[in-house]
Amino acid sequence: MVLTALALACAPVIVLLVLAATGALAIGAALAASLPVAGAALALAFLWQRDLERLAEALRRLAGGIREPLSSPPALPPVGRISREIERLSRTLADRAAQVGRMRRADEVIFERLPDPLIVLAADRTIRRANHAARTAYGTDTQALLRHPGLYGAIDRAFAQGTTQTAELTLAVPVPREVHARVIFLDEPLADGGRAVVVLSDRTRERAVERMRADFVANASHELRTPLASLIGFIETLRGPAIDDPPAQRRFLAIMAEQAARMNRLIDDLLSLSRVELTEHQPPQQTVDLAALVPRLAAAFEPRLRESGTRLEQELPDTPLPVTGDADQLAQVVQNLLDNALKYGRP
């Protein structure tokens, strides 16, 4: 563009010099007329060069991530229009860069605060970063965790197949725990170069509950079998040798009632366990007045209290004492507390 401006500006000068050479115009007049034209051409070329160099410098800074306005506005209108478009582009890029920065910071906050331990692996399978839960659960040397044979194999399969792999881990240190590991291979790398994410879920409590449930069912089955066998035996006796023996019948019926009550307690325990399991993930919606519940349940213990000579003191407010919970489960808690107080408390 500078050369074009020079050519256009110099064209009249060349014409004047040609006229002077052919004698059509005096040489002095030709020179006098050409000097202002040449000066204007040089000034225009200088302005073009200065403005374009400033634009080039602004573009270089913008490419390097530096957003700075031109030191002075361009003198030429065409360059000024280009400068304004560059400034608009610069603002757009700055806004998008700020938005990306905010999104990355938000992602980092979410990554750090997730309750499950997370580990990001690079392409060479080294740890790129680990969140707070991972550092807390497994210490700062989380790289040692990757050497566990089960997890190492899952990572190897995930990278080799480009898929998600899982593994069940039993860890002895820093504390014994059972962990479900999920290795997620990423189709596109993260901004920090991460290619896979390892999600670790502690299943220690769940497995312990499963074992406790299995033990409880086994023990309950055994406990139910004993009174049931007694009942069957007594029924056969009452139908046979004791069919005409009222004293034996009364004695056997008392024992049968005791065994039936024992079975009823075991069944109630099983039903209570089932109810707890069904509702353990459902927050209670009921509101129960403890100030009314406790005296009502305590009244049922009065015969046993009189028999044992025990005095029960209740310190409850005169106003309602509402709590959120399941009415049946709260009643069971209060009954257990009263029963234990009666059994182990001093008269």
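For the sequence shown, the working numbering assigns the number 12 to the initial residue and increments by one for each residue that follows.
From the three backbone atoms N, C-alpha and C, an ideal C-beta is built for every residue, glycine too.
If you're wondering where the values come from, they're calculated on a predicted model, not measured in any experiment.
Residues sharing a beta bridge with residue i, DSSP
| i | result |
| --- | --- |
| D213 | V190 |
| E179 | H191 |
| P333 | D300 |
| F196 | A207 |
Environment of residue i [buried if 16+ CB atoms lie within 10 Å]
| i | result |
| --- | --- |
| I243 | exposed |
| Q296 | exposed |
| V13 | Because the pLDDT of V13 is 49, which lies under 50, any placement of that residue in the model is unreliable, and the number read from its coordinates should be weighed accordingly. Burial call: exposed. |
| A41 | Note that A41 has pLDDT 49, beneath the 50 cutoff, so the model's placement of it is unreliable and the number below is only indicative. Answer is buried; the Cβ neighbour count reaches 16. |
| Y355 | exposed |
| R113 | exposed |
| P328 | exposed |
| P257 | exposed |
| I166 | buried |
| A74 | exposed |
| L182 | buried |
| A338 | exposed |
| A117 | exposed |
| A148 | buried |
| D350 | exposed |
Cβ-Cβ distance between residue i and residue j below 8 angstroms
| i | j | result |
| --- | --- | --- |
| L323 | L316 | yes |
| L125 | N142 | yes |
| H159 | T177 | no |
| A342 | L284 | no |
| G173 | F196 | yes |
| T175 | R188 | no |
| S319 | L282 | no |
| R136 | F170 | yes |
| T335 | T298 | yes |
| P128 | A144 | yes |
| I97 | L63 | no |
| L277 | A231 | yes |
| M274 | L235 | yes |
| F263 | A272 | no |
| L202 | R107 | A small fix is needed here, since residue 202 is Ala in this sequence, not Leu. No, the Cβ-Cβ distance between A202 and R107 is not below 8 angstroms. |
| S94 | L66 | yes |
Is the segment 338-348 in contact with the segment 295-309, if contact means three or more CB pairs nearer than 8 angstroms?
-> Judged by Cβ distances under 8 angstroms, the segment 338-348 makes contact with the segment 295-309, as three or more pairs qualify.
At least three beta-carbon pairs within less than 8 angstroms, the segment 207-222 to the segment 114-134 | yes
Any alpha helix (DSSP H) of 4 or more consecutive residues that is wholly inside the segment 81-167 | 88-124, 143-149
At least three beta-carbon pairs within less than 8 angstroms, the segment 227-247 to the segment 155-168 = no
Could you name each continuous beta strand (DSSP E) segment of 3 residues or more that falls completely within the segment 203-257, going from the start of the chain to the end?
-> 207-213
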